[in-house]
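Its first residue numbered 1, the sequence shown is counted upward by one per residue in the UniProt record's numbering. A quick write-up on the structure given underneath.
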Amino acid sequence: VCNMINKKYSEFLPSMQSAEDLVAQVDGLSSNIDLLKAGIENEVQRDLNVAVAEFTELKQQLERDTLVLSILRKLQEFDASIKEYNTALLEKKYVAAAQQLEEARSSLRALESRRGFELKILKALSTELTVQTQNMLYHLGEEWQKLVVWKLPPSKESSGLEAAVLSELQLHTVPAQEEEVAGLPIASVLQAFAVLGELHTKLKSFGQLLLKSILKPLILYPPLQPVTEKQPDVFVLRFKAEEPSSDHSSPVEVFDKIKLVFEVLHKYLLNVPLEQPVEDKEDGRVTLAELLGDMIWEELSDCLIHNCLVNSIPTNSSKLEQYIEVIKSTEEFEKALKKMQFLKGDTTDLLKYARNVNSHFANKKCQDVIVAARNLMTSEIHNTVKITPDSRVALPQLPDPGTRHQPRAQEAPPRLPNDGVKLGTEAQLSQHTFSLPTCRISSSVEKLMELAYQTLLEATASTDQCCIQLFYSVRNIFQLFYDVVPTYHKENLQKLPQLAAIHHNNCMYIAHHLLTLGHQFRYHLTNILCDGAATFVDLVPGFRRLGMECFLAQMRVQKGEILERLSSARNFSNMDDEENYSAANKAIRQVLHQLKRLGKVWQDVLPVNVYCKAMGTLLNTALAEMVARIAALEDISAEDADRLYSLCRTMVEEGPQVFTPLPEDDKNKKYQEEVPVYVQKWMTFKELMIILQANLQEIVDQWADGKGPLAAEFSAAEVKSLIRALFQNTERRAAALAKIK
1 VCNMINKKYS EFLPSMQSAE DLVAQVDGLS SNIDLLKAGI ENEVQRDLNV AVAEFTELKQ
61 QLERDTLVLS ILRKLQEFDA SIKEYNTALL EKKYVAAAQQ LEEARSSLRA LESRRGFELK
121 ILKALSTELT VQTQNMLYHL GEEWQKLVVW KLPPSKESSG LEAAVLSELQ LHTVPAQEEE
181 VAGLPIASVL QAFAVLGELH TKLKSFGQLL LKSILKPLIL YPPLQPVTEK QPDVFVLRFK
241 AEEPSSDHSS PVEVFDKIKL VFEVLHKYLL NVPLEQPVED KEDGRVTLAE LLGDMIWEEL
301 SDCLIHNCLV NSIPTNSSKL EQYIEVIKST EEFEKALKKM QFLKGDTTDL LKYARNVNSH
361 FANKKCQDVI VAARNLMTSE IHNTVKITPD SRVALPQLPD PGTRHQPRAQ EAPPRLPNDG
421 VKLGTEAQLS QHTFSLPTCR ISSSVEKLME LAYQTLLEAT ASTDQCCIQL FYSVRNIFQL
481 FYDVVPTYHK ENLQKLPQLA AIHHNNCMYI AHHLLTLGHQ FRYHLTNILC DGAATFVDLV
541 PGFRRLGMEC FLAQMRVQKG EILERLSSAR NFSNMDDEEN YSAANKAIRQ VLHQLKRLGK
601 VWQDVLPVNV YCKAMGTLLN TALAEMVARI AALEDISAED ADRLYSLCRT MVEEGPQVFT
661 PLPEDDKNKK YQEEVPVYVQ KWMTFKELMI ILQANLQEIV DQWADGKGPL AAEFSAAEVK
721 SLIRALFQNT ERRAAALAKI K
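Here it is as structure tokens:
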């Protein structure tokens with residue numbers, strides 16, 4: 001054991017000594033490190049801080065020097081650009097001068113963008129640049145005015161066609177035979193404008209002048225013709241006026257004129273490629289024609305549509321096929337403009353409008369129909385034509401039913417024979433049973449109905465869409481009549497009995513035709529309208545009511561005048577007084593005069609049956625008023641009775657004479673004899689006359705215990721009242737009164 005311990009100790013002792021040596025070395029190194037660290041902190045760190053401060057100062061100085069150097073360089077560039085600009089401007093190298101101005105502007109922008117480094121000189125430089133830019137634009141403007149010369153008349157002295165004839169455009173841009181426009185001064189001037197960003201403004205001004213003085217007058221004035229004249233150093237475009245072949249130029253002629261103007265402008269002015277930043281062009285080059293086209297095409301296109309193509313839309317469906325020539329001409333016109341680069345892209349609104357001719361034809365036709373209808377409605381009502389049961393609206397022969405749009409399975413119903421309608425028995429209706437009776441209507445209404453028939457006939461030969469539009473335009477005609485005529489002619493319809501009667505006939509005439517108008521065309525319209533939509537029957541009650549209300553309003557006016565005149569008869573009392581009798585006689589004469597006047601103004605105007613009913617109603621109003629006034633009298637002397645009888649006899653004798661429905665007097669006797677049929681109070685009035693002249697016994701006999709003619713017209717109370725007024729209070733009167741019950 002001791003040996004093992006000694007052995008282990010002898011092996012451990014050297015290791016321990018080696019470790020102690022290492023510890024001593026580490027302690028030494030640590031002391032050296034502490035000394036070195038103290039040295040660095042005390043001496044090196046101080047030197048390092050000094051060096052960093054010096055470096056920072058040098059860096060800031062370098063930045064200042066670099067900034068000053070860059071500013072000086074930009075100032076030098078600005079100055080060089082201005083000098084080169086002045087040199088180029090003197091040599092009329094406008095593009096180079098404009099580019100130098102833009103470089104100077106770029107240098108100035110760079111200087112102005114330096115924050116924290118502002119120079120007072122920058123404001124002066126900015127002012128100088130503005131002055132030089134305006135100077136450049138002035139020179140360019142002068143050159144432009146020399147190259148493109150407008151000679152226009154003073155605006156106050158002439159206008160329209162006269163001004164256009166006096167207008168002239170001179171282009172001093174004619175190249176020599178070996179030159180192109182792009183090599184002429186005009187190209188330099190325009191490119192300089194483009195560089196300065198002023199080309200758009202200059203070109204817009206030129207485009208507006210071109211539209212106002214050349215293009216629009218060529219569209220608006222058919223006599224105007226462009227005249228070109230080429231001289232050695234100038235090309236002149238002027239105008240002359242020729243006799244027009246029509247009020248509106250055809251699109252073909254207008255397109256040729258406009259194309260000639262654009263060809264001249266393209267050849268001598270606008271065929272100039274310019275350096276422009278354009279998004280859809282890789283090389284950034286664009287022609288002046290393209291720029292001008294973008295500016296004026298929309299306005300020019302609108303003018304062509306509204307003042308040229310609109311007027312060329314056919315008014316008749318048979319002329320639609322001829323419109324193909326206009327469509328082709330429009331296509332060629334646009335193709336030519338695209339070739340000259342005035343237009344780009346797809347089909348324009350101009351060509352779309354021309355190709356959509358069917359829709360425009362329908363719209364124009366409908367508009368023309370409504371305008372024509374309204375003109376007829378606002379014309380005079382009193383210009384009349386006579387309508388008889390044999391009258392027919394002039395209508396061309398329609399094609400056979402089923403030949404257009406109509407399926408073969410749906411056949412038109414067989415037509416009835418013209419000689420009459422056979423019933424189950426031997427009886428037979430007249431061919432005029434459902435005809436309109438003889439009367440007078442406004443000639444304008446007859447034309448209105450012819451317009452409706454012709455429009456529907458036009459619809460049968462049109463496309464489906466046009467057919468529908470025309471059909472509803474006809475419906476609109478009648479709805480317009482319903483609204484316009486009573487309002488437009490309101491005052492005359494209220495004041496003038498004849499016009500009220502004519503309007504009544506007009507409405508009945510229209511209603512009569514509306515009953516069958518849709519059915520007549522049912523088998524010739526588009527399928528959409530064939531299934532019951534093509535009808536006007538729903539308008540019939542409204543027109544009948546319109547006519548009746550107007551005439552009944554006039555009847556009320558006439559009734560009011562009759563009652564007002566009779567109110568001046570002093571209740572027909574005390575007829576033994578001359579003044580009272582004279583007043584009553586005058587009132588009756590005025591009523592008869594009024595009725596005779598109405599009989600004349602309604603003569604040959606109203607249908608006979610309507611005439612007789614109307615006159616009978618008004619005469620009945622007068623008789624009923626007289627009966628009521630006389631029956632209400634409390635005391636009637638013998639002389640009063642005689643004079644009242646005389647007044648009544650005047651009415652009975654002259655009243656029937658107001659019935660003159662026909663111009664031929666011999667034909668009116670029939671209606672004058674039928675007065676009791678139309679005058680409800682006629683027999684009552686005659687019984688009153690009998691009472692005025694009868695004695696008590698005769699009155700009792702007329703009563704006949706309530707079964708006689710007197711009882712049929714008067715009540716017992718009315719007869720008793722008349723007896724008390726006519727006869728004194730005696731036993732005989734009391735006996736007579738007792739029998740009236």
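The beta-carbon is built from N, C-alpha and C at its ideal position, and this holds for glycine as well.
Could you tell me how far apart the beta carbons of I636 and L726 are, in whole angstroms, since I believe they sit closer than 8 Å?
In the sequence shown, counting from the first residue as 1, residue 636 sits at position 636. In the sequence shown, counting from the first residue as 1, residue 726 sits at position 726. Between L726 and I636 the Cβ distance is about 5 Å, and since that is below 8 Å, they are a contact.
Every unbroken alpha helix (DSSP H) within the stretch 212-236, with a cutoff of 4 residues, ordered by chain
216-220
According to the neighbour-count rule (16 or more other Cβ atoms, all chains shown, within 10 Å of its Cβ), is H593 buried or exposed?
Indexing the sequence shown from 1 puts residue 593 at position 593. H593 comes out exposed.
First through last residue of the alpha helix (DSSP H) which encompasses E625
For the purposes of this step, residue 625 is taken as the residue at position 625 of the sequence shown. Run containing E625: V608 to A631, per the alpha helix (DSSP H) assignment.
Rounded separation between V679 and V540 - CA only:
On the sequence shown, residue 679 is found 679 positions in, with the first residue counted as 1. On the sequence shown, residue 540 is found 540 positions in, with the first residue counted as 1. Straight-line Cα distance between these residues: approximately 30 Å.
Does H503 pass the burial test, meaning 16 or more other C-beta atoms within 10 Å, or should it be called exposed?
Numbered from its first residue, the sequence shown carries residue 503 at position 503. Flag for H503 reads buried.
What span of residues does the alpha helix (DSSP H) with K7 cover, start to end?
Counting from 1 along the sequence shown, the entry for residue 7 is found at position 7. Its alpha helix (DSSP H) spans residues C2 to G39.
Which of the three DSSP states is assigned to T330 in this structure?
Here the question's residue 330 lines up with position 330 in the sequence shown. Helix, per DSSP.
Taking a contact to mean a Cβ-Cβ separation below 7 Å, would you say A511 touches R544 in this structure?
Working through the sequence shown from its first residue, we reach residue 511 at position 511. Working through the sequence shown from its first residue, we reach residue 544 at position 544. Yes, the pair counts as a contact, with Cβ atoms nearer than the cut-off.
What number of angstroms, rounded off, separates the C-alpha of P277 from the C-alpha of V286?
Against the sequence shown, residue 277 aligns to sequence position 277. Against the sequence shown, residue 286 aligns to sequence position 286. Any reading at P277 must be qualified, since the residue scores a pLDDT of 49, below 50, and its modelled position is unreliable; no value is offered.
From what residue to what residue does the beta strand (DSSP E) around W150 run?
For the purposes of this step, residue 150 is taken as the residue at position 150 of the sequence shown. Counting along the chain, the beta strand (DSSP E) containing W150 begins and ends at V148 to K151.
Roughly how many angstroms separate the alpha carbons of L304 and S81, rounded to a whole number?
Translated into the one-based positions of the sequence shown, residue 304 becomes position 304. Translated into the one-based positions of the sequence shown, residue 81 becomes position 81. So the alpha carbons of these two residues sit roughly 49 Å apart.
Who are the Cβ neighbours of R724 in its own chain at under 7 Å, not counting the five residues just before and after it?
One-based indexing of the sequence shown puts residue 724 at position 724. Cβ within range, chain order: n/a, list empty.
Return the Cβ separation of M575 and R643 in integer angstroms, given the expectation that the two are a contact with Cβ distance under 8 Å.
As a working mapping, residue 575 is identified with position 575 in the sequence shown. As a working mapping, residue 643 is identified with position 643 in the sequence shown. Yes, M575 and R643 are in contact; Cβ-Cβ is about 4 Å, under 8 Å.
Let's test the definition: count the other Cβ atoms within 10 Å of the Cβ of H513 and tell me whether it reaches 16, buried, or not, exposed.
Here residue 513 refers to the residue found at position 513 when the sequence shown is read from its first residue. That one is buried.
Could you tell me whether the stretch 544-564 touches the stretch 489-502, where touching means 3 or more Cβ pairs closer than 8 Å?
yes
Can the beta-carbon of I296 be found less than 7 Å from the beta-carbon of L211?
Along the sequence shown, read from residue 1 onward, the residue named residue 296 stands at position 296. Along the sequence shown, read from residue 1 onward, the residue named residue 211 stands at position 211. Yes, the Cβ-Cβ distance between I296 and L211 is below 7 Å.
I need the DSSP call for T650, collapsed to helix, strand or coil.
By one-based count along the sequence shown, residue 650 stands at place 650. The answer is helix: DSSP assigns T650 an H, G or I state.
Given a cut-off of 7 Å, decide if A163 and P153 are closer than it, judged by their beta-carbon atoms.
Position 153 of the sequence shown, counted from the first residue, corresponds to residue 153. Position 163 of the sequence shown, counted from the first residue, corresponds to residue 163. Closer than 7 Å, so yes.
Neighbourhood of K739 by C-beta, 6 Å cutoff - its chain only, sequence neighbours within 5 removed
Numbered from 1 along the sequence shown, position 739 holds the residue referred to as residue 739. Cβ neighbours of K739 beyond the five flanking positions: V700.
Using alpha carbons as the reference points, say which of A584, E578, I381 and L595 lies closest to D569.
The residue given as residue 569 occupies position 569 in the sequence shown. Checking the sequence shown, residue 569 turns out to be Ala, not Asp. The shortest Cα separation from A569 among A584, E578, I381 and L595 belongs to A584.
Are the beta-carbon atoms belonging to L623 and K681 less than 7 Å from one another?
In the sequence shown, the residue the question calls residue 623 occupies position 623. In the sequence shown, the residue the question calls residue 681 occupies position 681. Yes, the pair counts as a contact, with Cβ atoms nearer than the cut-off.
Residue nearest to R649 in terms of C-alpha spacing, selected from F659, P661, M626 and L662:
In the sequence shown, the residue the question calls residue 649 occupies position 649. The candidate whose alpha carbon is nearest that of R649 is M626.
When the Cα atoms are used, what is the spatial distance from D21 to S15?
Position 21 of the sequence shown, counting from 1, holds the residue named residue 21. Position 15 of the sequence shown, counting from 1, holds the residue named residue 15. Rounded to the nearest angstrom, the two C-alpha atoms are 10 Å apart.
Between which two residues does the alpha helix (DSSP H) holding R379 run?
Residue mapping note: residue 379 aligns to position 379 of the sequence shown, counting from 1. For clarity, residue 379 is Ser in the given sequence; the question names Arg instead. Taken as a continuous stretch (DSSP letters only), S379 belongs to no alpha helix (DSSP H), as it is neither H nor E.
contact_flag[the stretch 371-386, the stretch 485-492] where n(CB pairs < 8 Å) is 3 or more:
yes
Could you pull out every residue in the same chain whose Cβ sits closer than 6 Å to the Cβ of P217, ignoring the five residues on either side in sequence?
Within the sequence shown, numbered from 1, the residue matching residue 217 stands at position 217. So the qualifying residues of the chain are A164 and L224.
As assigned by DSSP and simplified to three states, the class of Q554
In the sequence shown, the residue the question calls residue 554 occupies position 554. Q554 falls in the helix class under three-state DSSP.
Roughly how many angstroms lie between the CA atoms of K328 and Q208, to the nearest whole one?
For the purposes of this step, residue 328 is identified with residue 328 of the sequence shown, where counting begins at 1. For the purposes of this step, residue 208 is identified with residue 208 of the sequence shown, where counting begins at 1. K328 and Q208: Cα-Cα distance of roughly 28 Å.
Nearest-angstrom Cα distance between L457 and F521?
The residue you call residue 457 lines up with position 457 of the sequence shown. The residue you call residue 521 lines up with position 521 of the sequence shown. Whole-angstrom Cα-Cα distance: 8 Å.
So, using beta-carbon positions, are T438 and T516 closer together than 7 Å?
Residue numbering aside, residue 438 sits at position 438 when the sequence shown is read from its first letter. Residue numbering aside, residue 516 sits at position 516 when the sequence shown is read from its first letter. No, the pair does not count as a contact, with Cβ atoms beyond the cut-off.
Just to confirm the assignment, what range does the alpha helix (DSSP H) spanning S568 have?
Translated into positions along the sequence shown, residue 568 becomes position 568. That residue, S568, is in no alpha helix (DSSP H); it is neither H nor E in DSSP.
With a Cβ-Cβ cutoff of 7 Å, do V95 and S188 count as a contact?
For the purposes of this step, residue 95 is taken as the residue at position 95 of the sequence shown. For the purposes of this step, residue 188 is taken as the residue at position 188 of the sequence shown. For V95 and S188, yes; Cβs fall inside 7 Å.
Compute the Euclidean distance between the alpha carbons of V371 and D256, then round it to the nearest angstrom.
Start at 1 with the first residue of the sequence shown, and residue 371 comes out as number 371. Start at 1 with the first residue of the sequence shown, and residue 256 comes out as number 256. One C-alpha to the other measures close to 33 Å.
Only counting runs of 4 or more residues, tell me where the alpha helix (DSSP H) segments fall wholly within the stretch 430-469, in order along the chain.
443-460
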